[in-house]
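Asker: Protein sequence lines, in the order shown, are assigned to chains A and B. Sequential numbering of the first sequence, starting at 1, is according to our numbering. Sequential numbering of the second sequence, starting at 1001, is according to our numbering.
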Amino acid sequence: MYANETYFPPGEEELAELIAQAADKKLPVEICGNRTKRWIGRPMQVAARISMSEMRGVTLYEPTELVLSAKAGTPLTEIEALLDEHNQEFAFEPARLERLFAGRSDEQPTIGGILGSNSSGPRRMLRGSARDHLLGIRAVNGLGEVIKSGGRVMKNVTGYDLGRGLAGSWGTLAALSEVTLKVLPKAEEVRSLIFLNLPDEGAVSAMCQAMGTPYEVTGTVHLPAAFVERLSDPDIAKLGQSVTALRLENFSHAVAHRAGRLHEKLKPLGTIYELDDERSRSFWADICSLTFLAGSDRPLWRITTAPDRGAKLVRAVRAHLECDAAYEWSGGLIWVEVAPASDAAATMLRRIIAEFEADAMLVRASQTTRGAVDVFHPLLEGNMSLVRGLKEAFDPHRILNPGRMYAGV
Amino acid sequence: MSGISILEPRDVVIEKKDALINSLKKLLSERSLVADEAGRRVFETDALTAYRKLPMAVVLPSSTEEVSRVLNFCHLANVRIVARGAGTSLSGGALPLEDSIVLGMSRMNRVLEVNLESRYIRVQTGITNLGVSNAVAPSRFFYAPDPSSQLACTIGGNIAMNSGGAHCLKYGVTVNNVLGLKMVMMNGDIVEFGGPHLDAAGYDFLPLIVGSEGQFGVVTEATLRILPQAEGARPVMIGFRSSEAAGACVSGIIGKGIVPVAMEFMDRPAIKVCEEFAHAGYPLDVEALLIIEVEGAPEEMDALLTQIKEIASEFDPKVIKVSESEEESAAIWKGRKAAFGAIGRISDYYCMDGVIPLASLPQALTGVAEICRKHDLQVANIFHAGDGNLHPLILYDANDEAEKARAEHAGEEILTLCVELGGCLTGEHGVGIEKRELMGVQFNEVDIAQQMRVKSVFDPQWLLNPGKVFPLKAQEAFTARVR
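#1: In this structure, does DSSP put B/Met1001 in helix, strand or coil?
#2: For the stretch 1102-1113 of chain B, which residues have a CB atom closer than 9 Å to at least one CB atom of chain A, in sequence order?
#3: For A/Gly212, would you say it is in contact with chain B, using Cβ-to-Cβ distances shorter than 8 Å as the test?
#4: Within the continuous alpha helix (DSSP H) that includes A/Ser192, where are the two ends?
#5: Restricting to Cα atoms, I'd like to know which of B/Lys1170, B/Pro1207, B/Ala1201 is closest to A/Trp301.
#6: Taking contact to mean 3 or more Cβ pairs, one atom from each stretch, closer than 8 Å, check whether the stretch 1105-1123 of chain B and the stretch 1058-1066 of chain B are in contact.
#7: Under 8 Å, Cβ to Cβ, is there at least one residue of chain B near A/Val410?
#8: Among B/His1391, B/Gln1475, B/Gly1255, B/Asp1285, whose alpha-carbon lies nearest the alpha-carbon of B/Tyr1350?
#9: Put B/Pro1196 into one of helix, strand or coil per three-state DSSP.
#10: Run through chain B and tell me which residues come within less than 9 Å of A/Thr220, C-beta to C-beta.
#11: Is there a Cβ from chain A that is less than 8 Å from the Cβ of B/Glu1420?
#12: Taking only three categories from DSSP, how would you classify A/Trp301?
#13: Give me the chain B residues within the contact set of A/Leu379, using Cβ-Cβ distance strictly less than 8 Å, ordered along the chain.
#14: Relative to chain B, which residues along the stretch 327-344 of chain A have a C-beta separation below 9 Å, given in chain order?
#15: Among B/Gly1388, B/Ala1410, B/Arg1453, B/Val1123, which one has its Cα closest to the Cα of B/Thr1426?
#16: Only counting runs of 4 or more residues, tell me where the alpha helix (DSSP H) segments fall wholly within the stretch 344-400 of chain A, in order along the chain.
#17: What are the partner residues of B/Gly1239, as DSSP defines its beta bridges?
#18: Since B/Cys1274 is in the alpha helix (DSSP H), which residue starts that stretch and which ends it?
#19: Would you mind sorting B/Val1482 into buried or exposed? The rule is 16 or more other CB atoms within 10 Å of its CB.
#20: Starting from the N-terminal side, write out each stretch of the alpha helix (DSSP H) that is 4 residues or longer and does not extend beyond the stretch 1207-1268 of chain B.
#21: For the alpha helix (DSSP H) that contains B/Leu1071, what are its first and last residues?
#22: Please list, in chain order, all residues of the same chain as A/Ile399 whose beta carbon is under 8 Å from its beta carbon, the five residues on each side excluded.
#23: Give the range of the beta strand (DSSP E) segment to which A/Val217 is assigned.
#24: Listed in chain order, which residues of the stretch 1040-1068 of chain B have Cβ atoms closer than 9 Å to some Cβ of chain A?
#25: Could you tell me whether the Cβ of B/Asn1187 comes closer than 8 Å to any Cβ of chain A?
#26: Check whether the Cβ of B/Met1263 lies closer than 8 Å to any Cβ atom in chain A.
#27: Please tell me whether B/Phe1205 has its Cβ less than 8 Å away from any Cβ of chain A.
#28: List the whole-angstrom C-beta distance separating A/Arg49 from A/Tyr2, where the pair is believed to meet the contact cut-off of C-beta under 8 Å.
#29: Have a look at the DSSP bridge pairing and note the partners of A/Ile334.
#30: Alpha carbon to alpha carbon, how far is A/Arg42 from B/Ile1021?
#31: Residues of chain A with CB under 8 Å from B/Leu1198, in chain order?
#32: Kindly say whether B/Glu1299, judged by its beta-carbon, lies nearer than 8 Å to any beta-carbon of chain A.
#33: Let me check one thing: in DSSP terms, what residues is B/Met1183 bridge-paired to?
#34: Could you tell me whether the Cβ of B/Asn1389 comes closer than 8 Å to any Cβ of chain A?
#35: Rounded to a whole number of angstroms, what is the C-alpha to C-alpha distance between B/Lys1016 and B/Leu1024?
#36: If you draw a straight line from the alpha carbon of A/Ile372 to that of A/Asp343, how long is it in whole angstroms?
Below you can see the structure in the form of structure tokens.
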């Protein structure tokens, strides 16, 4: 292991050997897949880089058992193509964070990166997150030891659930080498109910009401006009007004029934338009790949809160800051684009949202800004000491993606 | 059953027992402390009743602050803590230690907040699993994980063991339905994780704590996801001439893109016992029975059941019977949910909780039968077919020590077989004391050491529910090294 080199281990054994060498020399290393999310997180100072991108391939796929294993460096698109042959998919809909940096890279995210960032799309609310669909992992910790957790079966409470604990840890605890995930059948039909020009409060109320029905709404989004124009459906992009969308996915007979019922329930809120199967699929692909946030360099915040507080939170922010806000997860996930500022408005934003039990992560900002403010939401000391403890338990020499999430971790 | 060794009490703690209890008396209200022997006896075991240990004292806290005071005291006095919900653990997860204090959480059973718009409920963890669903049922919502013991078991116990249930194929297990936790650390610090919001960025401690078998802290409050009830639910019973045919039918259904809300399997001995108990109308002349439940509006369920019946007919079923009324549906589920109790009426039994890949079901059942035949024991099998969770119930006579020992050996062999087939030791009951020594079948030393290092982050003194989960020698070596 030498400084300033990038290593592409062909397998887990070589990966373990490299990390063991780095540990031995106390060399901090960047752990990555195809680096499509390299602009997210605090800037790191590393001596070398280890990429999983040569560790690829689906190692197990049993469609009738709803399970798939792949090496961490396998591109997401490769897996999705295979699943598609069997009319299956990842029910959590991997969110495509790399699209936030459109134009900077045309690489595809790896499945390891999806889990490392726990990126979940619109269906997360009903069906769970990437980590919820994770069944097992193999990984290399910061000592260069191969560890495993979970397995290939749906239910498993044997020992602690280290795999799910690694989801969303951005490569700071261990380098994932292989992941096993639950997969599910694709729906026969997709249909969307659309409202135009609802105010934020009305939109969140519509989304929450829809989620409170038994009709299994699998996606909810509210986009302001400024974001709508970035969508790829030209007829929608040119609307020039906000769009609120609710998605139904199921067997065709069920979709028809449920759309009718939902229509009936929500019609007091405004005129409802419908998108058919084909246009729905294209619309929600845009939502999942965050097309509505692409093509801008403005600082972008990802805020999560209780869904019914979403619109109130944004109103409080707007009282102090000029911003555009989009809502997913029925108001529980808010993307807030703010005007350029040296701290991306971090101090003010976090002060305002403090009363909403919310969490704010700065997902897009210049390197200088990301080095100057807390990218991940600051934690209370009790939680932070557990964060440090967990780092110590997996990576005692602090060599894996050091500082990417928190200084000194 | 008595083959499992229990962590030895430490003399230094036992010697100062009276002083400790006097100190606790000063710390707590009188009604919060149980020190008399008769009172403590109530807590000496859980649902793995073959093992019993009398704790030094039992504390029944009524607030997070009270839990915090007790833990801080025990942290300073170096006293072990065993947190307990309703004591329904089948793996000895709530078994006290003789030098421990049991924290019985049953008094902390209040609903703190219901938010239907954001679809969550905040509760104290001593509330029962069914109590949560009941609290939101008038609004037609429910809490999804539904272990068979849901009438009695607490949310705190569910969190400790990451409990599942018959309907988790569609809705997930506890870890998928917990949004936030308030937990008291061993030193008394109160820490919160998550909340009513989803997926905060940062390390996700929830899946580490859920399923940690009470070894990371004492969870006093939980924010749980609640879901709107389906418009309706209807089961179909399908009887097959072989378990192979039943397994193939399950694969066939999933292969057609249908994921029913539940798919439950019973073998011939299990069917017989459950039918005698529940009079559910189960067919008695079949080798395997599937109960498959679908949800939705009446016409949706009709369409799905028609499809399922078509698929099933490819596997030469002997009986297909769709429930025609609420009463029939209730009876069908009553039989299945009462399976453990029904079998308990005819014999003592030892309940296994292995998981296998669905495709290996025939192999697993053959293996289980062979193992039990070899040990001269009878067995009945209950199987959550959708997720591969196999519950062989080994029948034995608790008054016959030799037979008890044979049942334990058979159990070990069955679980080892599950791991060999690509599955795991436990799907929903947890490791507890019961499967502790088998951890090496599934994990190597490096894996186990990594888990123990994570445990130490939360509880560096190893005072929380010790002697569970990890092989005793491994824990002792690890804690000795850390000291």
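Each residue gets a CB set at the ideal place from its N, CA and C atoms; glycine is no exception. Small disclaimer: the values here were computed from a predicted structure and weren't measured.
Answerer: In short:
#1: By one-based count along the second sequence, residue 1001 of chain B stands at place 1. In this predicted model, B/Met1001 has a pLDDT of only 49, less than 50, meaning its place in the structure is not dependable enough to derive any value.
#2: Within the stretch 1102-1113 of chain B, not one residue has a Cβ closer than 9 Å to any Cβ of chain A.
#3: In the first sequence, counting from the first residue as 1, residue 212 of chain A sits at position 212. Answer yes: the Cβ-Cβ gap between A/Gly212 and chain B drops below 8 Å somewhere.
#4: Stepping through the first sequence from its first residue, residue 192 of chain A is reached at position 192. Here A/Ser192 belongs to no alpha helix (DSSP H); instead the beta strand (DSSP E) covers 189-196.
#5: As a position in the first sequence, residue 301 of chain A is number 301, starting the count at 1. Of the residues B/Lys1170, B/Pro1207, B/Ala1201, the one whose Cα lies closest to the Cα of A/Trp301 is B/Ala1201.
#6: yes
#7: Only positions 1 to 409 of chain A appear in the structure, and residue 410 of chain A is not among them; the question remains open.
#8: Counting from one through the second sequence, the residue named residue 1350 of chain B turns up at place 350. The shortest C-alpha separation from B/Tyr1350 is found at B/His1391.
#9: On the second sequence, residue 1196 of chain B is found 196 positions in, with the first residue counted as 1. It is coil, neither helix nor strand.
#10: Numbered from 1 along the first sequence, position 220 holds the residue referred to as residue 220 of chain A. Result: empty, since nearest Cβ-Cβ is about 12 Å, beyond 9 Å.
#11: As a working mapping, residue 1420 of chain B is identified with position 420 in the second sequence. By this cut-off, B/Glu1420 is not an interface position.
#12: Position 301 of the first sequence holds residue 301 of chain A. Strand, per DSSP.
#13: The residue you call residue 379 of chain A lines up with position 379 of the first sequence. The answer, in chain order, is Gly1202.
#14: Trp329, Ser330, Gly331, Gly332, Leu333
#15: Taking the first residue of the second sequence as 1, we reach residue 1426 of chain B at position 426. Among B/Gly1388, B/Ala1410, B/Arg1453, B/Val1123, the Cα nearest to that of B/Thr1426 is on B/Gly1388.
#16: 346-353, 367-372, 381-394
#17: For the purposes of this step, residue 1239 of chain B is identified with residue 239 of the second sequence, where counting begins at 1. According to DSSP, which records beta bridges pairwise, B/Gly1239 is partnered with B/Leu1289, B/Val1319.
#18: Here residue 1274 of chain B corresponds to residue number 274 of the second sequence, with the count starting at 1. Element bounds for B/Cys1274: 1268-1278.
#19: The count along the second sequence starts at 1 and reaches residue 1482 of chain B at position 482. It is exposed - the Cβ of B/Val1482 has fewer than 16 other Cβ atoms within 10 Å.
#20: With a minimum length of 4 residues, the continuous alpha helix (DSSP H) runs that stay inside the stretch 1207-1268 of chain B are 1243-1255.
#21: Here residue 1071 of chain B refers to the residue found at position 71 of the second sequence. Segment 1064-1077, the alpha helix (DSSP H) holding B/Leu1071.
#22: Working through the first sequence from its first residue, we reach residue 399 of chain A at position 399. Same-chain partners within the cutoff: Ile19, Ala22, Ala23, Lys26, Leu27, Pro28, Val29, Gly142.
#23: One-based indexing of the first sequence puts residue 217 of chain A at position 217. Looking at the DSSP string, the run of the beta strand (DSSP E) that includes A/Val217 is 217-223.
#24: Residues passing the 9 Å Cβ filter: none.
#25: On the second sequence, residue 1187 of chain B is found 187 positions in, with the first residue counted as 1. Judged by the 8 Å Cβ criterion, B/Asn1187 is not in contact with chain A.
#26: On the second sequence, position 263 is the one that residue 1263 of chain B refers to. No - not a single Cβ of chain A is within 8 Å of the one on B/Met1263.
#27: Numbered from 1 along the second sequence, position 205 holds the residue referred to as residue 1205 of chain B. True, the Cβ-Cβ gap to chain A drops below 8 Å.
#28: Position 49 of the first sequence, counted from the start, is the residue given in the question as residue 49 of chain A. Position 2 of the first sequence, counted from the start, is the residue given in the question as residue 2 of chain A. A Cβ-Cβ distance of about 11 Å is found for the pair A/Arg49 and A/Tyr2, leaving them out of contact under the 8 Å criterion.
#29: In the first sequence, counting from the first residue as 1, residue 334 of chain A sits at position 334. A/Ile303, A/Tyr327.
#30: To locate residue 42 of chain A, count along the first sequence from 1; it is residue 42. To locate residue 1021 of chain B, count along the second sequence from 1; it is residue 21. Each residue's Cα considered, the two are about 51 Å apart.
#31: Stepping through the second sequence from its first residue, residue 1198 of chain B is reached at position 198. Within 8 Å Cβ-Cβ: Arg124, Met125, Ser129, Thr304, Trp329, Gly332, Leu333.
#32: Sequence index remark: in the second sequence, residue 1299 of chain B carries index 299 (1-based). For B/Glu1299, the answer is yes, since a Cβ of chain A falls inside 8 Å of its Cβ.
#33: Position 183 of the second sequence holds residue 1183 of chain B. DSSP, once it has assigned bridges, lists B/Val1191, B/Val1219 as partnering B/Met1183.
#34: For the purposes of this step, residue 1389 of chain B is taken as the residue at position 389 of the second sequence. Judged by the 8 Å Cβ criterion, B/Asn1389 is in contact with chain A.
#35: Working through the second sequence from its first residue, we reach residue 1016 of chain B at position 16. Working through the second sequence from its first residue, we reach residue 1024 of chain B at position 24. When rounded, the distance between both Cα atoms is 12 Å.
#36: Indexing the first sequence from 1 puts residue 372 of chain A at position 372. Indexing the first sequence from 1 puts residue 343 of chain A at position 343. The question names Ile, but residue 372 of chain A is Ala in the sequence shown. Distance between the alpha carbons of A/Ala372 and A/Asp343 is about 7 Å.
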